[in-house]
Amino acid sequence: MSALQRLFKFNGGVKPAYNKDASTGLPIAVAPMPKQLVIPLHQSIGGPPRPLVVAGERVLKGQRIGGADGNVSSAVHASTSGTVLAVEMRLMPHTSGLSAMCVVIEPDGRDEWIPRQAFDYRNATPAQSREYLRDAGVVGLGGAVFPSHLKLNAGKTGKLDSLVLNGAECEPFITCDDVLMRERPKALIDGAVIMREMLCAGEVLIGIEDNKPEAIAAMEAAAAVANAAAGEEIYKVVSVPTRYPAGGAKQLIRVLTGIEVPHGERSTDYGVQCFNVGTAYAIYEAIALGQPLISRIVTVAGNVGQARNYEVLFGTPMKDLTALCGPLPDSDRIIMGGPMMGFLMPGDEVPVVKATNCVLVGSRALFPPPPPEMPCIRCGECAKACPSDLQPFEMYWFSRAKIFGKAQEYHLFDCIECGCCAYVCPSRIPLVDYYRFAKSEIWARETDKEAADVARERYEFRLLREEREKQEKAAKLAAKTAAGREKAAAALAEAEKPATTPEEEAKHALISAALERARAQKEQAHPENTVDLTPEQQAEIAAIEARRAEIREMAKPHVRQDD
Ligand code: SF4
Ligand code: SF4
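Read left to right, the sequence shown gives residues 410 to 972 (the numbering used here).
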């Protein structure tokens, strides 16, 4: 019996055809080792990891090949032992068709692990545990690939009321969480025990859609053992109504706890945090077994002879996976994810990554091209279906018109891209495509703006530096001129003093002659300026001339008196 828990409803949602049975008939199989593994370094939200290996190097299974770039990042590891063939740009499993830095490994067939050892999180500080999980590459496996160590933080209060484990898996065709819960419930609950302790959480609510009775039964049995060990009912498996997108984090939190996390706020501020069940399993493997995240369960389904779930090493080409399931001859596309939220892949050679929960093979028959887009009739059906309480048609108008500021005012970034609005739209408008376009444009502009801000700051700093250098130069010149004037005034005063000795008379004569010569030269060179010379300037010139004359005098060969 699943726990008796008061359930709440979220607004909107739809009931698409689930198509899940085809891939749950067989147990999880281990996908064969491919000839080459192409492991992208950037597999999570946050900074792309730095490559830690070079071509020609031998690596072990679980060896770190990409180091986390700061705290908002997550490490990447070799999925097996072998030789690094290259660290180079390869096509990414992303709809953009862009390439990114990957480590290409040729497996040696020995599958030799690094030394593995459990991490004693109970005797580590929370910061040490989070750093360990960051370096173990653990990220959210529900699709968002947010680094898990950042979420394992209870926030301001330091403790939580509820830890929610998301086993809803509401997207059509995808069953990787379902089979994981059926086949590995104990490890999953062990992961929940670790997470609960790290978050100082009260209860653990495991939400599973009611179309997965086998998973519910398996998880209840494992939870009962954990509750018996704890001496109280902490781990509660809750069957939730099947309604897409019940697996959205905010939607599941709402259903299980009644808490409505407002736009732009964190659930931890409301005493609750939510993780995918696959993430709980990955945390168990990292902490209890000392194994970094190098593989995951992937559903291969759609236009194939036998849909199934496989445990797949990251870096395995998607075409190797689909080949295991016998793609039907009319297959014409690969989608990563499900039909509601998935992305069309640029080719079937792209690798399986941490975000790959499903490789969906498509065809024109399975996913017929949508009828032509018609004008919006403002029927409001999209708003009724939106589980995030947004106004999709307003966001559509402004995204389409490229008035992105207004689209943001309508909370564009709270859109979880669930596709419910497009699913119900009678005008068949591909609304999510417009939102994705608007978001990518806003991000691109933000990036451009940040780059322009940096360039402007650099330019302003250069101007400031040049101005400062100019002022310093002017100050130095002024000081030098003042010193020269003082010297000249002293020389003039000296010249004006009545001579008392023959030497002084000779010196005065020299100064007067020099003064005269300087004046004559000045007149000759710049007759127009002569009249403007102040007495100090004239004295200055005279002093210079006198000094020159002195030097000339001293430089003359001396004739001894007695010679
Ligand atoms: S459902 Fe479609 S036609 Fe109706 S208001 Fe929304 S976008 Fe317009
Ligand atoms: S895709 Fe966005 S706007 Fe459309 S229903 Fe989902 S959350 Fe709402």
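Yeah, the Cβ is synthetic: ideal placement off N, Cα and C, and Gly gets one too.
Note that the structure is a prediction, hence the values are computed from the model and not measured.
Annotated three-state conformation of D823 is helix, per DSSP. By a beta-carbon distance limit of 8 Å, P726 does not contact I448. Their separation comes to about 11 Å.
By the beta-carbon neighbour count (other beta carbons within 10 angstroms, threshold 16), K858 is exposed. When rounded, the separation of the alpha-carbon atoms in G434 and T584 is 11 Å.
Here L569 is near Q682, since their CB atoms are less than 8 Å apart. A689 has its alpha-carbon roughly 14 Å from the corresponding atom of G699. Residues P796, I825, C827 of the same chain have their beta carbon placed closer than 7 Å to that of G657, with the five preceding and five following residues left out of the count.
Going by C-alpha positions, A610 is about 23 Å away from A627. Contact check for I598 against A632 passes: the beta carbons are separated by less than 8 Å.
In the same chain as G747, and ignoring 5 residues on each side of it, the C-beta atoms closer than 7 Å to its own belong to E580, P581, F582, I583, C767, L769, in chain order.
A straight-line Cα-Cα distance of about 5 Å links R539 and H558.
Judged by DSSP in its simplified three-state form, N480 adopts coil rather than helix or strand.
The continuous stretches of alpha helix (DSSP H) do not include N562, and DSSP gives it neither H nor E.
With a cutoff of 7 Å, R593 does not count as near ligand 1, since its C-beta is closer than that to no heavy atom of the ligand. Closest in C-alpha terms to G506, from the list V463, L753, G456, P736, comes L753. Under the three-state reduction of DSSP, R591 is assigned to helix. Following the DSSP letters along the chain, one finds A495 inside the beta strand (DSSP E) bounded by residues 491-500. With contacts defined as CB atoms closer than 8 Å, P736 and N718 fail to qualify as a contacting pair. A residue is called buried once 16 or more other Cβ atoms fall within 10 Å of its Cβ, and Q880, having fewer, is exposed. Shown here, L737 sits in coil according to DSSP, grouped into three states, outside any helix or strand. Contact check for K424 against R652 passes: the beta carbons are separated by less than 8 Å. Ligand 1 approaches S836 closely enough that one of its heavy atoms is under 7 Å from the residue's Cβ. Counting of Cβ neighbours within 10 angstroms places S849 among the exposed residues, the total staying below 16. Relative to ligand 2, P801 has its C-beta within less than 7 Å of a heavy atom. In the DSSP assignment, K645 falls within the unbroken beta strand (DSSP E) covering 644-649.
Relative to ligand 1, the nearest heavy atom lies less than 7 Å away from the CB of L840. If you draw a 10 Å sphere on the C-beta of N685, you find 16 or more other C-beta atoms in it, and that means buried. When distances are taken from the beta-carbon of A794 to the heavy atoms of ligand 2, the shortest one is below 7 Å. E826 has its Cβ nearer than 7 Å to a heavy atom of ligand 2. Contiguous beta strand (DSSP E) elements confined to the segment 741-808 occur at 742-745, 767-771, taking only those with 3 or more residues.
DSSP places V833 in the uninterrupted alpha helix (DSSP H) bounded by 829-833. Shortest gap from the CB of I786 to any heavy atom of ligand 1: under 7 Å.
Using a 10 angstroms sphere on the CB of C734, the tally of other CB atoms reaches 16 or more, which defines it as buried. For ligand 1, no non-hydrogen atom lies closer than 7 Å to the CB of V423. The DSSP-derived three-state label of A464 is coil.
Excluding the 5 residues flanking it on each side, G456 has same chain C-beta neighbours closer than 8 Å at A477, D478, G479, V481, S482, in chain order.
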